[in-house]
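See structure below.
In this note's numbering, the protein residues as written are 1 to 300.
Rendered as structure tokens:
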């Protein structure tokens, strides 16, 4: 089920109003490390090879700048440029050197609903990478809401060669590599950022992260639990700027033999919202936050 052009998810870039507060939270509490600084931006890495997982830029309000995917190579990047336009998107930034500390070549693709997808290749990576208990390794997935899930799904299929892994009554899970899903599309009435999921090295780290967040005054808004599609353990939180962030682990690995399920395949017994049946439903705060962070009109 691997995409012919996209290797995986590299990072997400947000705008936030307070970089000092952002640095304190994402290093001391969320357990990332600052890997690069600019006058109006911070770049945070996990323990894996990706140069950074999260880029935070100074802005007037919380917004998403773009989701960054990594292409297999320069040929794949050029194929994305062509396919993106054929699928109804526009090139906000054509292929050229990427103006961030990870470098490489890249482009910025805008889908018909204004979502901004950066695709890069040849970006810097860290030679030293190893799992560390209670520290995020890499991004697992980004979930983007859609008021027209069929159109959004079609764009990811045509422009980026993603495949549908599973469809529930609330979400379409899109696959590009061995991870069950890299992008998921929330079936909603808006086009906001739903959440960003960070892979922890194990279930123990997901749980310890939940305790650490509670100690710091950030409630678990949903979890702990284990999802159906993806089979991943989860804890969800609302970050300091209203962004929804997730600790996850044990993401299901799939191949071409995986058969996509439909809504009838993913129903829980009454009173359950996950496989384990111990998690309460998502909080009202979480549901509100999952529809309040939108893409900026333009991004550089």
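Ideal Cβ positions, reconstructed from N, Cα and C, are used throughout, including at glycine. Quick caveat, the model's predicted, so the values are computed rather than measured.
Under the DSSP assignment, residue 171 falls outside any alpha helix (DSSP H), being part of the beta strand (DSSP E) whose first and last residues are 171-175. Assigned with DSSP and collapsed to three states, residue 221 falls in coil, not helix or strand. Residue burial annotation: residue 253 is exposed, with fewer than 16 other C-beta atoms found within 10 angstroms of its C-beta.
Within 10 angstroms of the beta-carbon of residue 238 lie 16 or more other beta-carbons, which makes it buried. Below 8 angstroms, too few C-beta pairs join the stretch 146-161 and the stretch 91-105 to call them touching: fewer than three. Membership of residue 166 in the beta strand (DSSP E) is indicated by the continuous run 163-167.
About 15 angstroms separates the Cβ atoms of residue 69 and residue 92, ruling out a contact at the 8 angstroms cut-off. The stretch 3-22 makes contact with the stretch 40-56, as at least three CB pairs between them are under 8 angstroms. In this structure, the CA atom of residue 260 is about 43 angstroms from the CA atom of residue 40. Between the alpha carbons of residue 271 and residue 115 lies a gap of roughly 35 angstroms.
By the Cβ-count criterion, residue 289 is buried, with 16 or more other Cβ atoms from all chains shown falling within 10 Å of its own Cβ.
Scanning the stretch 70-120 for uninterrupted alpha helix (DSSP H) segments of 4 residues or longer gives 74-86, listed from N- to C-terminal end.
In the three-state scheme derived from DSSP, where H, G and I count as helix and E and B as strand, residue 189 is classed as coil. Beyond the five residues adjoining it in sequence on each side, residue 98 comes within less than 6 angstroms, by CB distance, of 104, 106 and 120 in the same chain, given in chain order. Under the three-state reduction of DSSP output, residue 68 falls in the strand class. Counting along the chain, residue 211 sits inside the alpha helix (DSSP H) bounded by residues 203-215. Fewer than three pairs of CB atoms, one per stretch, sit closer than 8 angstroms, so the stretch 156-174 makes no contact with the stretch 200-215.
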